[in-house]
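Visitor: In the working numbering, the protein residues as written are 278 to 467. Just so you know, even glycine gets a beta-carbon here, dropped at the ideal spot from N, CA and C. Could you have a look at this structure, given as structure tokens, before my questions?
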């Protein structure tokens with residue numbers, strides 16, 4: 278698979294990134310206070326436009342080589358703003374580091390980022406719903422993980438609302454992080 282499928286929700290369209298999306302994605306990273314945890318990753322550029330360009334390039338490579346990467350999260354509902362506007366990204370982080378799960382299946386890391394002006398509206402959770410479905414029902418993942426800074430309470434809360442449970446503290450992204458996990462059986466459980 279070289280391109281991710283287009284996914285839709287009530288208010289969003291998740292589509293493949295295009296090279297021309299750099300400006301739209303840059304606006305997501307412009308608020309350095311809101312995106313501190315992404316910008317603190319060792320080796321990550323510190324200039325928002327460079328972070329956006331790297332995310333887009335890494336995502337394209339991820340889809341081409343590993344059938345996993347990020348989607349551009351865009352508006353579908355004009356009550357939120359301009360239809361088609363990029364308000365974030367969501368999907369699979371570092372697909373080249375996908376691991377075998379304990380049960381012999383595939384384990385991927387998920388991640389997301391929403392423009393500060395669009396946070397606290399449930400958009401990250403809404404964007405993740407079809408991605409979880411894609412991961413477990415289409416991609417064949419048996420386990421997903423989410424890794425975040427212990428002090429990123431918004432991310433931790435969303436992770437738990439998505440059904441992930443705390444797993445352990447790990448060394449990742451140059452510091453101590455917390456890892457959550459969600460397996461296919463728990464996801465499918467009503």
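1) Output the boundary residues of the beta strand (DSSP E) element that contains residue 450.
2) Alpha helix (DSSP H) containing residue 439: first to last residue?
3) Looking at C-beta atoms only, is the number of pairs between the segment 453 to 465 and the segment 433 to 445 that lie closer than 8 Å three or more?
4) Between residue 394 and residue 450, what straight-line distance do the alpha-carbon atoms span, to the nearest angstrom?
5) Assuming residue 373 contacts residue 423 under a Cβ cut-off of 8 Å, what Cβ separation, rounded to an integer in Å, is found between them?
6) Is the beta carbon of residue 432 less than 8 Å from the beta carbon of residue 404?
7) Smallest Cα separation from residue 353: which of 418, 317 and 363?
8) Starting from the C-beta of residue 436, find all residues in its chain whose C-beta is less than 6 Å away, skip the five residues before and the five after it, and write them out in chain order.
9) Note down, in chain order, each residue of its chain lying with its Cβ closer than 7 Å to the Cβ of residue 322, except the 5 sequence neighbours on either side.
10) Per DSSP, which one or two residues make a beta bridge with residue 398?
11) Under 8 Å by Cβ, that's how I've got residue 291 and residue 283 pegged, so tell me the actual separation to the nearest angstrom.
12) Can you look up residue 385 in the DSSP assignment and give me helix, strand or coil?
Guide: This is what the structure gives:
1) Residue mapping note: residue 450 aligns to position 173 of the chain shown, counting from 1. First-last for residue 450: undefined, no H or E at that position.
2) Numbered from 1 along the chain shown, position 162 holds the residue referred to as residue 439. Taken as a continuous stretch (DSSP letters only), residue 439 belongs to no alpha helix (DSSP H), as it is neither H nor E.
3) yes
4) As a first step, residue 394 is located in the chain shown; it is residue number 117 there, counting from the start. As a first step, residue 450 is located in the chain shown; it is residue number 173 there, counting from the start. The straight-line gap from Cα to Cα measures roughly 26 Å.
5) Within the chain shown, numbered from 1, the residue matching residue 373 stands at position 96. Within the chain shown, numbered from 1, the residue matching residue 423 stands at position 146. Not quite, the Cβ-Cβ distance comes to about 18 Å (not below 8 Å), so this is no contact.
6) Within the chain shown, the letter at position 155 stands for residue 432. Within the chain shown, the letter at position 127 stands for residue 404. Not closer than 8 Å, so no.
7) For the purposes of this step, residue 353 is identified with residue 76 of the chain shown, where counting begins at 1. For the set 418, 317 and 363, the Cα lying nearest the Cα of residue 353 is the one of 363.
8) As a first step, residue 436 is located in the chain shown; it is residue number 159 there, counting from the start. Counting only Cβ-Cβ distances below 6 Å, and skipping sequence neighbours, we find 423 and 457.
9) Numbered from 1 along the chain shown, position 45 holds the residue referred to as residue 322. The residues are 328 and 331.
10) Here residue 398 refers to the residue found at position 121 when the chain shown is read from its first residue. Partner(s): none; residue 398 has no beta bridge.
11) By one-based count along the chain shown, residue 291 stands at place 14. By one-based count along the chain shown, residue 283 stands at place 6. The Cβ separation is near 7 Å, so the contact holds.
12) Residue numbering aside, residue 385 sits at position 108 when the chain shown is read from its first letter. Strand at residue 385.
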